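Below: the structure, in structure tokens.
Numbering (the numbering used here), first residue to last: 2 to 195.
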């Protein structure tokens with residue numbers, strides 16, 4: 002995120018873990034184990050119930066970020082497992098810390114069990130596959146396209162946002178309410194930037 006100081010970047014980042022889906026039992030168990038090993042778990046807390054948010058200071062060491070040290074312990078990356086790791090003021094981090102982080106990200110991205118696509122990266126083929134619409138959804142989207150003079154590109158963007166809204170609600174299919182919300186965001190976006 003880029004913006005002037007005081008514009009709310011950190012506040013917005015802190016809210017991300019709150020809008021992510023609730024932890025599954027398996028995720029809560031994994032997160033609790035990591036926090037227990039690191040010694041940051043409350044003795045009477047039981048399982049970690051919320052997704053972690055970690056925001057280390059830019060003076061952190063590479064061992065503090067990735068883990069390890071003379072007495073090995075989990076670093077901030079591990080403590081953020083199943084949650085959010087926010088690196089505020091990224092250019093201020095020492096070069097060696099960024100290099101260690103880059104290596105970890107490269108390893109993570111090349112892992113065969115990880116898929117690197119998100120809804121915003123969907124191609125036309127993906128949209129046809131993952132954004133099937135009911136007749137009601139089609140009519141609602143067509144009406145918005147006509148009334149607002151939207152382009153085919155805007156059509157695809159609305160579908161991507163609607164798919165994301167449906168995903169956040171745990172819905173298999175896109176419903177008219179998802180299309181309507183995505184259209185509202187598009188309208189709001191055009192109003193703001195006009």
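Where is the CB? At the ideal position from N, CA and C, for every residue including glycine. Since the model is a prediction, treat every value here as computed from it, not as a measurement.
Beta-bridge partners assigned by DSSP to residue 91: none are found. In the structure shown, the three-state DSSP call for residue 106 is helix. Straight-line measurement puts the Cα of residue 44 at about 43 Å from the Cα of residue 122. Cβ-Cβ distances below 8 Å link residue 40 to 74 in the same chain, with the five nearest sequence neighbours on each side left out; the list follows chain order. For the set 69, 68, 107, 61, the Cα lying nearest the Cα of residue 90 is the one of 61. Judged by DSSP in its simplified three-state form, residue 66 adopts helix. The segment 32 to 76 contains, as complete alpha helix (DSSP H) runs of 4+ residues, the segments 63 to 67 (chain order). Around the beta carbon of residue 161, 16 or more other beta carbons sit within 10 angstroms, so the residue counts as buried.
Proximity to residue 149 across 81, 167, 187 peaks at 187, based on C-alpha coordinates. Taking residue 175 as reference, the option from 153, 128, 88 with the minimal CA-CA separation is 128.
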